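Asker: What follows is a single structure, and I will ask about it in a moment.
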Amino acid sequence: MSQHRFFDPHIHMTSRTTDDYENMAAAGIRAIIEPAFWLGQPRTQVGSFVDYFSSLVGWERFRASQFGIQHYCAMGLNSKEANNEGLAKEVLAILPTYAFKEGVVAIGEIGYDEITQAEERAYQAQLQLAADHDMVVMVHSPHRDKKNGIVRSLDVAQEVGVPMEKLVIDHNNEETLEDVLDRGAWAAFTIYPNTKMGSQRMVEIVKRYGSERIIVDSSADWGVSDPLSVPKTAALMLEQGVAPDVVEAVTWGNALSAYAQSGQIDVEALEKAPTIDQSQLFSDNSVLRGQNPRIDQPVVN
Ligand SMILES: [Zn+2]
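According to the working numbering, the stretch in the sequence shown is residues -1 to 299, in order.
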């Protein structure tokens, strides 16, 4: 039997379409986390971050709900834009205004890109914010010099005093997994289509390491990526004989356990089938363009 619900704990829906939301819901994706990150085009003023952060807790959360998907987010200054130090300072100053809002499950995605001093300063400051408020942290790891970047991410988080069970390191591969697991942090894997870190490699990893503290996500954004990476990888795992409880842990339960530490996730509510009411509006705006709204009757349990 195939698994009926999934959690994609890293996806940038701001860059995706309503078709994606429909396909994700149909594939069983019931909840997602959208971490704040960069948008391809560098931002030039703090107001752009204000509006972006507002949309993550506002419009995008609403938009997801209209397709039956529970949307959570992580707030942070991404590593790439941390290198614009003047702007970074302003963004870090407004971050606490957004970090504690409803639906924010972590500080993230933060960490290193080119492993510069400016990135490190922004990373440290945000780890401190997380540590001070007992928050979960989602760490982006660099695509170049990944192993060093990850070891340093772990070291700095430990120095600041973020408990390892509150630290999720993302974009791992076979060479970094043991570093992360040995420290007691969560190891997330981003499955990109047509790359080395594809679904097949993920199958091999869980066959070798099992499911403990391992998380699968799509990191789908405005680049070549697949919002269905999580259910597709789960299907391949089951097809190749991975035990259903292992598949469920890495595509549902583990991410829930990690991020529910925020106190923002009602795990029991997520277990129930979602009901959709597309007659709802957000600031007078609907996701519909003249279509008939889908209005589900509430499920009686
Ligand atoms: Zn991302």
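Glycine residues also receive a C-beta, built at the ideal position from the N, C-alpha and C atoms. Computed from a predicted model, the values in this text were never measured in an experiment.
1. Is any non-hydrogen atom of ligand 1 found closer than 7 Å to the C-beta of Pro94, if you look at the structure I gave you?
2. Going by Cα to Cα distance, which pick from Gln198, Thr188, Val149 is closest to Glu176?
3. With a floor of 4 residues, list each alpha helix (DSSP H) that falls wholly inside the stretch 72 to 153, ordered by position along the chain.
4. Rounded to whole angstroms, what's the CA-CA distance from Asn171 to Met195? Just pull it up for me.
5. Alpha carbon to alpha carbon, how far is Val102 from Ala258? Give it in angstroms, no decimals.
6. Beta carbon of Tyr50, beta carbon of Ser77: below 8 Å?
7. Give the secondary structure of Asn252 by DSSP, where H, G and I count as helix, E and B as strand, and everything else as coil.
8. Below 7 Å, is the gap between the Cβ of Pro33 and the nearest heavy atom of ligand 1?
9. Counting C-beta neighbours from all protein chains within 10 Å, is the total for Asp215 16 or more, i.e. buried, or is it exposed?
10. For Gly221 and Val265, I'd like the C-alpha separation in whole angstroms.
11. Let me check one thing: in DSSP terms, what residues is Asn283 bridge-paired to?
12. Check the C-beta distance from Gly66 over to Ile105 and give it rounded, since I have them as a contact under 8 Å.
13. Less than 7 Å between C-beta atoms, sequence neighbours within five positions excluded: which residues of the same chain meet that for Leu254?
14. With respect to the alpha helix (DSSP H) encompassing Ile203, which residues constitute its N-terminal and C-terminal limits?
15. With distances taken between CB atoms, is the gap from Ser227 to Ala241 smaller than 8 Å?
16. Could you tell me the alpha carbon to alpha carbon distance between Val146 and Ala80, rounded to whole angstroms?
17. Can you tell me the Cα-Cα spacing of Thr231 and Ile213, whole angstroms?
18. Here's the rule I'm using: 16 or more other beta-carbon atoms within 10 Å means buried, otherwise exposed. How should Ser281 be labelled?
19. What first and last residue would you give for the beta strand (DSSP E) that runs through Arg28?
20. Should Arg287 be labelled buried (16 or more other beta-carbon atoms within 10 Å of its own) or exposed?
21. Over what stretch of residues does the alpha helix (DSSP H) that includes Phe47 continue unbroken?
22. Count the other CB atoms, across all protein chains shown, that sit within 10 Å of the CB of Leu279; report buried if there are 16 or more and exposed otherwise.
23. Any idea if Asp180 is buried or exposed, counting beta-carbon neighbours within 10 angstroms, 16 or more meaning buried?
24. Compute every distance between the C-beta of Glu107 and the non-hydrogen atoms of ligand 1, then say whether any falls below 7 Å.
25. Measure from the alpha carbon of Glu202 to the alpha carbon of each residue in Ser223, Ala185, Val178, Gln238, then state which is nearest.
26. Please determine if the stretch 2 to 18 and the stretch 244 to 251 are in contact, where contact requires at least 3 C-beta pairs separated by less than 8 Å.
27. State the start and end residues of the unbroken alpha helix (DSSP H) segment that holds Thr12.
28. Between which two residues does the beta strand (DSSP E) harbouring Val160 extend?
29. So for Thr188, helix, strand or coil by DSSP?
30. Kindly indicate which residue of Val48, Glu118, Ser63, Met200 has the alpha-carbon position closest to the one of Ile31.
31. Quick check: the Cα distance between Glu117 and Asn21, rounded to an integer number of angstroms?
Answerer: On the basis of the supplied data:
1. no
2. Val149
3. 83 to 97, 115 to 130
4. 7 Å
5. One C-alpha to the other measures close to 11 Å.
6. no
7. helix
8. yes
9. buried
10. 31 Å
11. Phe280
12. Not really, about 27 Å apart at Cβ, beyond 8 Å.
13. Phe5, Ile263, Val265
14. 197 to 207
15. At least 8 Å separates the beta-carbon of Ser227 from that of Ala241.
16. It should be noted that the sequence gives Asn, not Val, for residue 146. Distance between the alpha carbons of Asn146 and Ala80 is about 19 Å.
17. 11 Å
18. Result: exposed.
19. 27 to 33
20. exposed
21. 44 to 55
22. By the neighbour-count criterion, in which 16 or more other beta carbons inside 10 Å mark a residue as buried, Leu279 falls on the exposed side.
23. exposed
24. Taken from the Cβ of Glu107, at least one heavy atom of ligand 1 lies inside 7 Å.
25. Gln238
26. yes
27. Element bounds for Thr12: n/a, residue is neither H nor E.
28. Per DSSP, Val160 belongs to no beta strand (DSSP E) and is neither H nor E.
29. Thr188 falls in the strand class under three-state DSSP.
30. Minimum Cα distance to Ile31 is reached at Ser63.
31. 36 Å
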